[in-house]
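Each residue of the sequence shown is one higher than the one before, counting from 1220 in the numbering used here.
Just so you know, even glycine gets a beta-carbon here, dropped at the ideal spot from N, CA and C.
Please read these numbers as outputs of a predicted model, since none were measured by experiment.
Everything on this sheet refers to the single structure shown next.
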Amino acid sequence: MSETAPQNADRRAIGVFDSGVGGLTVLHECLVNLPHEDFVYLGDTANFPYGPRKLVEVRRLAFAATEALVDLGVKLIIVACNSAAAAALAQLQAAFSTPIVGVVMPGARAAAQATRERRVGVLATEATIRSNAYQNALQSLDAGLEVFPVACPRLAPLIQGGDVFSEETEGAAREGVAPLKAAGVDTVILGCTHYPLISPMLRRLLGPQVALIDSAEETAREVGEILTRKGISQSKDREGDYRFYASGDADEFREVGARFLQLPIREVNRI
Ligand code: DGL
């Protein structure tokens, strides 16, 4: 069988969901690494942010988003929201027959491989930190790792609001980074979809000796491997398509979203 044209190319799209536009950083990596695949992205903007919510509530929202994507006939679902993956991935996988991938394990795996001193920091929303998902994932990979989780409740709303390079955002980033510097970590996981947008700021604050792990990049890599192993890839000689659904305002999604996707956003449907 030729590598570029699988005999039974699976023409269904890949579903991606997030609490809003943040998961577009994950979609960006997927579009760059898997340009031949089709994607359908659902942003639950009406319920953004998930981070401050109770885990049961995040789980309920994650089930609703997953059901919507299953109804659209996707072949695989990416839970591109760290908070949703942290709160609900296991329950979603148990409940649905469609393969479901989260962003937590790919990021944890890359961090466990990258750390030399076995001291890993995690920056994420309150929900993600409260769930212990990164802590558990990291320690399942290397029980000797020391994990330093830090919740940054102000960061995602500031970045989403467009305040990416403001002093207020830098102040919130500095607050998150301070305990990690004190702990002497050598690796930090960007455990929230919004943080790749401020990675230059975080790099400067943490210093060049600290490795930054972007869960989005790692997830895209893992999705590619899963498609190949399950034999459900599209033919590699085509250019894929991508479309959007949002539970909130479509124009706002298009406007704010382009910054996260760094690619054109055409039609956005309300769901
Ligand atoms: N997408 C969310 C995450 O990665 C960030 C924003 C939110 O709180 O919903 O955790």
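For P1368, no alpha helix (DSSP H) run applies; the uninterrupted beta strand (DSSP E) run containing it begins and ends at 1365-1370, by DSSP.
Taking 8 Å as the cut-off, one finds no heavy atom of the ligand DGL near enough to the beta carbon of S1466. Closer than 8 Å to some heavy atom of the ligand DGL: that does not describe the Cβ of C1249. The residues L1243, L1246, H1247, in chain order, have a CB closer than 7 Å to that of L1480 in the same chain once the five nearest residues on each side in sequence are set aside.
The continuous stretches of beta strand (DSSP E) do not include G1476, which lies in the alpha helix (DSSP H) extending over residues 1469-1480. Put simply, the backbone Cα of R1349 is about 32 Å away from that of L1291.
Ranking R1485, G1426, R1231 by CA distance to the CA of K1294 puts R1231 first. Within the segment 1294-1380, complete beta strand (DSSP E) segments of at least 3 residues are found at 1295-1298, 1319-1321, 1338-1343, 1365-1370, given in chain order.
One thing to note: F1267 has its Cβ no nearer than 9 Å to the Cβ of A1314. At a cut-off of 8 Å, the beta-carbon of P1254 does not count as near the ligand DGL: no heavy atom of the ligand is closer than that. Out of Q1354, L1399, I1319, R1489, the CA that lies nearest to the CA of Y1464 is found in R1489.
Here F1463 carries a strand assignment [DSSP, helix/strand/coil].
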